[in-house]
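K.L.:
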Amino acid sequence: MTDPAEAPFVFDPPSRPAAWYLLAPSSALPRGRVLTRRIGQDEVVLFRAESGNVGALAPHCWHMGAHLGNGCVTGEHLQCPLHHWAWDREGVPGQIPGGGRAPASARQPGYAVAERLGGVWVWMGDGPPGPVPGFETFADDELLTSHGRPVRLRCAWYAPAANGFDEQHLSTVHGRALRERPQVDVPEPGRMRMRYLSRVTGTGLADRVMKRLSGDHIRVQINCWSGATVTVESDLGRTRSALLLAFVPVGGEVEVTPVFTTRRGGPPGMARLRLAVARFLFTRFIEKDVQVMQGMRFRPRLPLRGNEALETFLRWASALPGERTPHSSTTP
């Protein structure tokens, strides 16, 4: 009989982790606007009330089931397009047509919502929400941000998430070499971190720019937040920048939205210039990963000798809470 302690590791992450999901730039949701977004198999209807606050509700009205994405904002409420029942951000009904009172049981299911780094985030999961993803070495108010166009990858969310902790691919895909062994830890529940110092071995234009800016010493800090967001903070010595990658599972695929950032300040126009440079460098970096991961069926075989950081990530991701459905991407 096989000793349970010797049983092989089975990679079994949730199909939709319990996490904060970046669903839209804040600029895409002005006052009075209604947006519908999908996370996994579920839709979420976002709206911004006249006060500026954002609500996130389940799509089908409690009363008759009409889709609230076809409704409109009236004051602090989202009004159903059918019988004009109006729901506030907590899912509590306001005055209903005819002046009557809604039943005490009337509640529209909703989700916790937050705004950070120029984006609208929605918590999907049981239990209280964790921290909204951000950066460790930057304060939000010192950053200039720019949301990039979402990219749809034909793979599961855990492929690009794991990619950030795959030290071997830094050499094979990106033309980087580690100057020291990476440090991996879990500073708080739901967040895994890797820190390393690298040098440039690639010869492309972006590689040459990075080498010149950094003096060939690039200090990097990567955090994965509950599986749904990866943040990358780069210290090049003379300048620092940061990237956020938000993952939204849709079916068996994943939509990846980059958020580029740089520090504010300096002479007029300097921050915009730094942001443009950061966007160029990060975009070239991301494009290489996109080419590799399109159509990927992520099936890791452990142990991963020489890639212990990735193995640690896989075990961490398998223990994440969330919704679990059959994973075609991990089956032989």
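Heads up: the sequence shown begins at 1 in the UniProt record's numbering, then just goes up one per residue.
For each residue, glycine too, the CB sits at the ideal point set by N, CA and C.
Does the beta-carbon distance from D289 to P133 come in below 9 Å?
P.N.:
The residue you call residue 289 lines up with position 289 of the sequence shown. The residue you call residue 133 lines up with position 133 of the sequence shown. Result no, Cβ atoms of D289 and P133 do not sit closer than 9 Å.
K.L.:
DSSP on W316, reduced to helix/strand/coil?
P.N.:
On the sequence shown, position 316 is the one that residue 316 refers to. Helix.
K.L.:
Starting from Y21, trace the beta strand (DSSP E) in both directions and tell me its first and last residue.
P.N.:
Start at 1 with the first residue of the sequence shown, and residue 21 comes out as number 21. Here the beta strand (DSSP E) through Y21 covers 19 to 25.
K.L.:
Would you say the segment 16 to 23 touches the segment 33 to 43, given that touching needs at least three Cβ pairs under 8 Å?
P.N.:
Yes: the two stretches touch, three or more of their Cβ pairs being nearer than 8 Å.
K.L.:
Taking the straight line between their C-alpha atoms, what separation do you get for S328 and P14?
P.N.:
Start at 1 with the first residue of the sequence shown, and residue 328 comes out as number 328. Start at 1 with the first residue of the sequence shown, and residue 14 comes out as number 14. Unreliable positioning characterises S328 in this predicted model, as indicated by a pLDDT of 43, which lies under 50. The coordinate reading is nonetheless provided below. Distance between the alpha carbons of S328 and P14: 12 Å.
K.L.:
If you compare alpha carbons, which of L275, V10, A246 is closest to P17?
P.N.:
The residue you call residue 17 lines up with position 17 of the sequence shown. Out of L275, V10, A246, A246 has the C-alpha closest to the C-alpha of P17.
K.L.:
Would A56 and V122 qualify as a contact pair, given that the criterion is a beta-carbon distance under 9 Å?
P.N.:
On the sequence shown, residue 56 is found 56 positions in, with the first residue counted as 1. On the sequence shown, residue 122 is found 122 positions in, with the first residue counted as 1. Yes. Within cutoff.
K.L.:
According to DSSP, is M64 part of a helix, a strand, or is it coil?
P.N.:
Numbered from 1 along the sequence shown, position 64 holds the residue referred to as residue 64. Three-state result, M64: coil.
K.L.:
Tell me which same chain residues have a C-beta within less than 7 Å of the C-beta of A106, skipping the five on either side of it?
P.N.:
Along the sequence shown, read from residue 1 onward, the residue named residue 106 stands at position 106. Correct list, in chain order: W62, P93.
K.L.:
Does H83 pass the burial test, meaning 16 or more other C-beta atoms within 10 Å, or should it be called exposed?
P.N.:
Here residue 83 refers to the residue found at position 83 when the sequence shown is read from its first residue. With fewer than 16 Cβ atoms within 10 Å of its Cβ, H83 is classed as exposed.
K.L.:
Counting C-beta neighbours from all protein chains within 10 Å, is the total for A276 16 or more, i.e. buried, or is it exposed?
P.N.:
By one-based count along the sequence shown, residue 276 stands at place 276. It is exposed - the Cβ of A276 has fewer than 16 other Cβ atoms within 10 Å.
K.L.:
Skipping 5 residues on each side, what residues in its chain have a beta carbon closer than 6 Å to that of I96?
P.N.:
Mapped onto the sequence shown, residue 96 falls at position 96. Same-chain partners within the cutoff: W85, A102.
K.L.:
Say whether the segment 298 to 313 touches the segment 154 to 174, bearing in mind that this needs 3 or more beta-carbon pairs closer than 8 Å, one atom from each stretch.
P.N.:
Touching, yes, given that three or more Cβ pairs across the two stretches are closer than 8 Å.
K.L.:
Alpha carbons only, please: which of L68, Y111, L144 is nearest the one belonging to R279?
P.N.:
Here the question's residue 279 lines up with position 279 in the sequence shown. Checked all of L68, Y111, L144; the closest Cα to R279 is L144.
K.L.:
Which same chain residues, not among the five before or five after L314, have their C-beta less than 6 Å away from its C-beta?
P.N.:
For the purposes of this step, residue 314 is identified with residue 314 of the sequence shown, where counting begins at 1. Contacts found: F11, P300.
K.L.:
Mapping DSSP to helix, strand and coil, what is S241?
P.N.:
Position 241 of the sequence shown, counted from the start, is the residue given in the question as residue 241. Of the three classes helix, strand and coil, the one that applies to S241 here is strand, per DSSP.
K.L.:
Name the residue from R31, P182, P303, G148 whose alpha carbon lies nearest to the alpha carbon of F282.
P.N.:
Looking up residue 282 in the sequence shown gives position 282. The residue with the shortest Cα to Cα distance from F282 is G148.
K.L.:
Counting only beta-carbon separations shorter than 9 Å, does P249 have a partner in chain D?
P.N.:
Among the chains of the structure shown, chain D does not appear; only one protein chain is present.
K.L.:
Can you give the Cα-Cα distance for T2 and L302, rounded to whole angstroms?
P.N.:
Counting from one through the sequence shown, the residue named residue 2 turns up at place 2. Counting from one through the sequence shown, the residue named residue 302 turns up at place 302. With a pLDDT of 48 at T2, under the threshold of 50, the modelled position of that residue is not reliable, and no figure is offered here.
K.L.:
Give me the Cα-Cα distance between G202 and S241, rounded to the nearest whole angstrom.
P.N.:
Taking the first residue of the sequence shown as 1, we reach residue 202 at position 202. Taking the first residue of the sequence shown as 1, we reach residue 241 at position 241. Computed Cα separation, rounded: 20 Å.
K.L.:
Measure from the alpha carbon of V250 to the alpha carbon of each residue in R284, L46, Y158, then state which is nearest.
P.N.:
As a position in the sequence shown, residue 250 is number 250, starting the count at 1. Comparing Cα positions, the closest option is Y158.
K.L.:
Quick check: the Cα distance between P332 and Q294, rounded to an integer number of angstroms?
P.N.:
Indexing the sequence shown from 1 puts residue 332 at position 332. Indexing the sequence shown from 1 puts residue 294 at position 294. The predicted model places P332 with a pLDDT of 38, which falls under 50 and marks its position as unreliable, so this point remains unresolved.
K.L.:
Among R264, M270, V259, whose alpha-carbon lies nearest the alpha-carbon of S146?
P.N.:
For the purposes of this step, residue 146 is taken as residue 146 along the sequence shown, with counting starting at 1. Out of R264, M270, V259, V259 has the C-alpha closest to the C-alpha of S146.
K.L.:
With DSSP run on the structure shown, which of helix, strand or coil describes I218?
P.N.:
For the purposes of this step, residue 218 is taken as the residue at position 218 of the sequence shown. Reduced to three states, the DSSP call for I218 is strand.
K.L.:
Could you check where the alpha helix (DSSP H) with I286 kicks off and where it finishes?
P.N.:
On the sequence shown, residue 286 is found 286 positions in, with the first residue counted as 1. Start and end: 270 to 293.
K.L.:
Does E255 pass the burial test, meaning 16 or more other C-beta atoms within 10 Å, or should it be called exposed?
P.N.:
In the sequence shown, residue 255 corresponds to position 255, counting from 1. Buried, by the Cβ-count rule.
K.L.:
First and last residue of the alpha helix (DSSP H) that includes L170?
P.N.:
On the sequence shown, residue 170 is found 170 positions in, with the first residue counted as 1. Where L170 is concerned, the enclosing alpha helix (DSSP H) stretches over 167 to 172.
K.L.:
Hey, would you say P129 sits closer than 9 Å to T257, going by beta carbons?
P.N.:
In the sequence shown, counting from the first residue as 1, residue 129 sits at position 129. In the sequence shown, counting from the first residue as 1, residue 257 sits at position 257. No, these two residues do not count as a Cβ contact at 9 Å.
K.L.:
Would you list the one or two residues that DSSP bridges to F247?
P.N.:
By 1-based counting over the sequence shown, the position of residue 247 is 247. For F247, which the question treats as bridged, DSSP gives the partners V256.
K.L.:
Would F135 be called buried (16 or more neighbouring beta carbons within 10 Å of its own) or exposed?
P.N.:
Mapped onto the sequence shown, residue 135 falls at position 135. Looking at its Cβ environment, which holds 16 or more other Cβ atoms inside 10 Å, F135 is buried.
K.L.:
Excluding the 5 residues flanking N70 on each side, which residues of the same chain have their C-beta closer than 6 Å to its C-beta?
P.N.:
The residue labelled residue 70 in the question sits at position 70 within the sequence shown. These residues qualify, in order along the chain: P81.
K.L.:
Distance, Cα to Cα, G227 vs T262?
P.N.:
As a first step, residue 227 is located in the sequence shown; it is residue number 227 there, counting from the start. As a first step, residue 262 is located in the sequence shown; it is residue number 262 there, counting from the start. Distance between the alpha carbons of G227 and T262: 24 Å.
K.L.:
Looking only at its own chain, which residues have a Cβ that is under 8 Å from the Cβ of G175, when we skip the five neighbours before and after it?
P.N.:
Taking the first residue of the sequence shown as 1, we reach residue 175 at position 175. Cβ neighbours of G175 beyond the five flanking positions: V200, T201, G202, T203, G204, D207.
K.L.:
So within the segment 173 to 214, which uninterrupted beta strand (DSSP E) runs reach at least 3 residues, ignoring any that extend past its ends?
P.N.:
Entirely contained in the segment 173 to 214, the beta strand (DSSP E) runs reaching 3 residues are, in chain order, 176 to 178, 183 to 188, 191 to 200.
K.L.:
Identify, in the order they occur along the chain, each residue of the same chain with its Cβ nearer than 6 Å to the Cβ of T312, setting aside the five sequence neighbours on each side.
P.N.:
Start at 1 with the first residue of the sequence shown, and residue 312 comes out as number 312. Here the set comprises V184.
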